[in-house]
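In my numbering, the protein residues as written are 1167 to 1283.
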């Protein structure tokens, strides 16, 4: 990778809001978050910024598959906005750490989950 590059890994809000049955998935994403922090320190001398994006529930085919309407409503109710995120909203947030304006953002996990705290 060239000096001054950007890396953004995808993780999940489930690390901070675990759900039963998703432990292995959440644990694998927690490892990704540890990796980005380590890489951020290692690559900082080359001005390579390493961050992660942790979306909450997003209305995608994968999210909808196998879920009952009740399960989808429960996911929506977890957010103070009482809805599921849209893919374009996650894409908009993802654009920031890749932008020239993000030169002081390194080793961070950016939450994009509709206010789920």
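Yeah, the Cβ is synthetic: ideal placement off N, Cα and C, and Gly gets one too.
For this session: Taking the CB atoms as reference points, tell me whether residue 1218 and residue 1275 lie closer together than 7 Å.
Result: yes
For this session: Kindly list the residues whose CB is nearer than 6 Å to the CB of residue 1206, restricted to its own chain and excluding five residues on each side of it in sequence; keep chain order.
Result: 1216, 1272 and 1273
Exercise. Are three or more beta carbon pairs between the stretch 1263-1271 and the stretch 1194-1203 nearer than 8 Å?
Worked result: no
Problem set entry | N-terminal and C-terminal residue of the beta strand (DSSP E) that residue 1221 is part of | 1215-1221
Exercise. CA-CA distance, residue 1249 and residue 1212?
Worked result: 40 Å
Exercise. Roughly how many whole angstroms lie between the Cα atoms of residue 1178 and residue 1242?
Worked result: Spanning the two alpha carbons is a distance of roughly 16 Å.
Problem set entry | Same chain, Cβ closer than 7 Å to residue 1167, neighbours up to 5 away in sequence not counted | 1214
Problem set entry | Distance between residue 1280 and residue 1246 (C-alpha atoms, nearest Å) | Approximately 7 Å, taken between the alpha carbons.
Problem set entry | Beta-carbon proximity of residue 1223 to residue 1256, cut-off 7 Å | no
For this session: Provide the residue span of the alpha helix (DSSP H) that contains residue 1205, from first to last.
Result: 1189-1209
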